[in-house]
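Asks: Attaching a single structure in C-alpha cells format; questions to follow.
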Amino acid sequence: MSVVSQVILKADDELRYPTNGELTSLTQFFQTGQQRVRIATTLAENEKKIVEQASKRLWQKRPDFISPGGNAYGQRQRAQCLRDFGWYLRLATYGVLAGDKDPIEKIGIIGAREMYNALGVPMPGMAESIVCLKEASLALLSQEDANAAAPYFDYIVQAMS
Numbered sequence: 001m002s003v004v005s006q007v008i009l010k011a012d013d014e015l016r017y018p019t020n021g022e023l024t025s026l027t028q029f030f031q032t033g034q035q036r037v038r039i040a041t042t043l044a045e046n047e048k049k050i051v052e053q054a055s056k057r058l059w060q061k062r063p064d065f066i067s068p069g070g071n072a073y074g075q076r077q078r079a080q081c082l083r084d085f086g087w088y089l090r091l092a093t094y095g096v097l098a099g100d101k102d103p104i105e106k107i108g109i110i111g112a113r114e115m116y117n118a119l120g121v122p123m124p125g126m127a128e129s130i131v132c133l134k135e136a137s138l139a140l141l142s143q144e145d146a147n148a149a150a151p152y153f154d155y156i157v158q159a160m161s
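UniProt numbering applies: residue 1 is where the sequence shown begins, and numbers increase by one.
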C-alpha cells in the first residue's frame with residue numbers, strides 16, 4: 001500500500017480530510033517519485049547481475065553453505081537460493097516504489113521466516129545473504145539512490161535476524 005493509499009484510508013476511517021502533516025508527507029512522496037522509479041528500474045534491469053554478484057559474494061564468505069551438508073549444497077538447492085535472491089530483490093524494489101516498508105512486511109517477511117524455520121534454514125545465514133544482495137544492488141546506484149534504497153534491504157535483514 002502506498003503512502004497515498006494510507007493517507008486516504010486513514011482520513012476516510014476517521015471521516016475527515018487529510019491533515020496538513022499528511023498532505024506534507026504526500027508532497028514528499030511525489031517529490032521522490034522519479035528517484036524511486038529510477039531505483040526500481042535499475043534494480044529490475046540488473047536482477048541477473050545483482051543475483052550473480054550477491055551469490056558469489058555469499059559463497060566466498062560462507063563456503064560452508066555450498067559444501068556437503070550445507071543448505072545450498074547441490075544444484076537444486078543452489079538454484080533455490082538464487083531464486084530466493086531474485087524474490088528478495090523484488091520485495092525490496094516493491095518497498096522502494098511504495099516509499100514504505102509495509103509491502104515488504106505484508107508480501108513476504110512473515111511467511112518467509114516461517115518457511116525457512118520449517119526447512120531448517122539458519123536465519124543468520126539468510127540475513128547474511130540479504131546483506132550480500134544489498135551490497136550488490138547498491139553498488140549499481142548513485143550514492144543518493146543507494147541511501148534511499150538501503151533502508152528497505154536493512155528492513156529485510158533485520159526481519160531475518
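Note that beta-carbon positions come from the ideal geometry of N, C-alpha and C, so glycine has one too.
1. Whether or not the stretch 23 to 40 and the stretch 74 to 85 are in contact is what I'm after, with contact meaning three or more pairs of Cβ atoms, one per stretch, closer than 8 angstroms; do they touch?
2. Please report the Cβ distance between I107 and I156, rounded to the nearest whole angstrom; I am assuming they are in contact, meaning their Cβ atoms lie under 8 angstroms.
3. For the alpha helix (DSSP H) holding D12, just list the boundary residues, first then last.
4. Only counting runs of 4 or more residues, tell me where the alpha helix (DSSP H) segments fall wholly within the stretch 118 to 159, in order along the chain.
5. Shortest alpha-carbon distance to Q35 belongs to which of L91, A146 and V121?
6. Do you know whose CA, among A54, P68, S67 and P124, lies nearest L138's CA?
7. With DSSP run on the structure shown, which of helix, strand or coil describes R19?
8. Where are the alpha helix (DSSP H) runs, 4 residues long or more, that stay fully inside the stretch 75 to 112, in chain order?
9. How many Å lie between Y17 and G33 at the Cα?
10. In or out: N71 buried (at least 16 other Cβ within 10 Å) or exposed?
11. For a test of the three-state rule: what should DSSP assign to T24, helix, strand or coil?
12. Once DSSP output is grouped into helix, strand and coil, what is the label at M66?
13. Output needed for K61: all residues of its chain with C-beta closer than 8 angstroms, excluding positions within five of it in sequence on either side, in chain order.
14. Mapping DSSP to helix, strand and coil, what is Y116?
15. DSSP state of E41, grouped into three classes?
Replies: Per the coordinate set shown:
1. Taking 8 angstroms as the limit for Cβ pairs, the verdict is that the stretch 23 to 40 does not touch the stretch 74 to 85.
2. Not a contact, Cβ separation roughly 11 angstroms.
3. V3 to D13
4. 123 to 138
5. Nearest in C-alpha terms to Q35, of all of L91, A146 and V121, is A146.
6. A54
7. For the record, residue 19 in the displayed sequence is Thr; it is not Arg. Of the three classes helix, strand and coil, the one that applies to T19 here is coil, per DSSP.
8. 75 to 98
9. Distance between Y17 and G33, taken at the CA atoms: about 23 angstroms.
10. buried
11. In the three-state reduction of the DSSP assignment, T24 falls in the helix class, which pools H, G and I.
12. For the record, residue 66 in the displayed sequence is Ile; it is not Met. Coil.
13. E128 and C132
14. Helix, per DSSP.
15. Sequence inspection shows Thr at residue 41; the Glu mentioned does not correspond to that position. It is helical.
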